[in-house]
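Heads up: the sequence shown begins at 47 in the working numbering, then just goes up one per residue. Contents: one structure, followed by commentary.
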Amino acid sequence: MARILLQDLKNHLNQEVLIQGWVQEVRNLSKIKFIILRDRSGTMQTLALKADTDPISFEVINTVTQESVVEIQGIPKENKESKWGIEVVIKTITVISPAGVPLPIDNSDKGQTVIDKRLDHRFLDTRN
47 MARILLQDLK NHLNQEVLIQ GWVQEVRNLS KIKFIILRDR SGTMQTLALK
97 ADTDPISFEV INTVTQESVV EIQGIPKENK ESKWGIEVVI KTITVISPAG
147 VPLPIDNSDK GQTVIDKRLD HRFLDTRN
């Protein structure tokens, strides 16, 4: 199966796809897990439902850290509630390269890192 860029998912709705990218954020709500995935074309929300996701993959999501590289097989579905309008329902997930160390700054929108630290690590701060 050929890899699809996140920006092209709208052309593959309801078809099984293979996507790869960096984990930007993980949210765990016990029976539902969200991963915000980033590749060179943008970001996208992926969703793991306990009923639809491979049980081993569902547990792997608990160990995925920010900036790990993952490969996801899933089905893009239209979702008006998602800020992207589309989300990928995960069937399987494979960690290609786990992130070894946490980032020195919080580069999420919610991050409140002091300016001196942000300037020391500006290459991380400006990439997102």
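Beta carbons: idealized from backbone N, C-alpha and C, even for Gly.
- In the structure shown, the three-state DSSP call for Q61 is coil.
- Sequence-distant partners of L52 (beyond 5 residues in either direction) whose C-beta falls short of 6 Å from its own C-beta, in its chain, are D85, S87, G88 and M90.
- The Cβ-Cβ distance between V134 and I82 does not fall below 8 Å.
- Ranked by Cα distance from Q70, the first of R49, K79 and S114 is S114.
- According to the DSSP assignment, P101 belongs to no beta strand (DSSP E) but to the alpha helix (DSSP H) extending over P101 to V106.
- For K163, the enclosing alpha helix (DSSP H) begins and ends at I161 to D166.
- Secondary structure remark: continuous alpha helix (DSSP H) runs of at least 4 residues inside the region 90 to 142, in chain order: 101 to 106.
- Taking Q119 as reference, the option from S143, I136 and I107 with the minimal CA-CA separation is I136.
- The three-state secondary structure of Q66, taken from DSSP, is strand.
- With 16 or more other Cβ atoms inside 10 Å of its own Cβ, I107 counts as buried.
- Looking at the DSSP output, F80 sits in a beta bridge with R73 and L93.
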